[in-house]
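Taking this note's numbering, the leading residue of the sequence shown gets 14, the next gets one more, and so forth. We put the beta carbon where it would ideally sit given N, CA and C, even for glycine. Quick notes on the structure that follows.
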Amino acid sequence: MQALIVSNVLLWVAVLSLLVVVIALSRQIGILYERIAPMGALMLDSGPKVGDAAPVFVLPTLDGAELQLGAPAPRSTLLFFLSPTCPVCKKLLPILKSVKKAEGERLEIVLASDGDAAQHRDFRRRAELGAFPYVLSAELGMRYQVGKLPYAVLVDEAGRVRAKGLVNSREQLDSLFAAHELGVASVQDYLGSSRMAKEQA
14 MQALIVSNVL
24 LWVAVLSLLV
34 VVIALSRQIG
44 ILYERIAPMG
54 ALMLDSGPKV
64 GDAAPVFVLP
74 TLDGAELQLG
84 APAPRSTLLF
94 FLSPTCPVCK
104 KLLPILKSVK
114 KAEGERLEIV
124 LASDGDAAQH
134 RDFRRRAELG
144 AFPYVLSAEL
154 GMRYQVGKLP
164 YAVLVDEAGR
174 VRAKGLVNSR
184 EQLDSLFAAH
194 ELGVASVQDY
204 LGSSRMAKEQ
214 A
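Structure, rendered in structure tokens:
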């Protein structure tokens, strides 16, 4: 009988010890969550800088119409660089469609790439991207120094680059709009300056 009582007490001690460990771990996870900053679009330090005038282009779309990019316009423009062979680009297409639906009155989304026009027309048809202006220009990508895809550049109504970066998720795409609204080059810049201000206070 005494062995049964001892084993019961030891089991309760073990259960209570595990409970303390779980509480300590959840507290540590909460602290880590507060310390880790949200990941914004990765801004590569090349091409026109945030705040600079965007390069002006007049390019034909896949539909044959002329489209002016970089000049002052009634709406902001999101240049989204993609490729028919980029799986991450394809993953972001439904997100672009929802952004267009929600922000269409104040934002024009332009798809940009280079290469064979027939391949891009086929890709556009299969992905149901007819609502987006779609331009092919190697020079456009070179002027913005696009090295990896998908890449996005937000140009405001005045024709100035407001945010840019490599975008692999909805959060990174949203971070471009957040950076523009906060008046900073990137979300990382904003978080860094906030952290420095807290440390100095």
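- Around the CB of Thr90, 16 or more other CB atoms lie within 10 Å, so the residue is classed as buried.
- Taking all protein chains shown into account, Pro163 has 16 or more neighbouring C-beta atoms within 10 Å of its C-beta and is therefore buried.
- Per DSSP, the beta-bridge partners of Glu121 are Thr90.
- Excluding five sequence positions before and after Ala125, the CB atoms of its chain that fall closer than 6 Å to its own CB belong to Leu92, Phe94, Val148 and Leu153, given in chain order.
- DSSP places Arg156 inside the alpha helix (DSSP H), whose first and last residues are Ala151 to Arg156.
- Residue environment analysis places Ala67 among the buried positions, since at least 16 neighbouring C-beta atoms fall within 10 angstroms of its C-beta.
- In this structure Leu105 touches Leu186 by the C-beta definition: roughly 7 Å separates them, less than 8 Å.
- Residue state for Val148 is assigned as strand, using DSSP reduced to three classes.
- With respect to the 8 Å criterion, Ala84 and Val63 are not classified as neighbours on the basis of their beta carbons.
- Residues Pro68 of the same chain have their beta carbon placed closer than 6 Å to that of Arg156, with the five preceding and five following residues left out of the count.
- Non-local C-beta neighbours of Cys99 in its own chain, meaning closer than 6 Å and more than five positions away in sequence, comprise Leu162, ordered along the chain.
- One Cα belongs to Ala131, the other to Ala171, and the distance between them is close to 34 Å.
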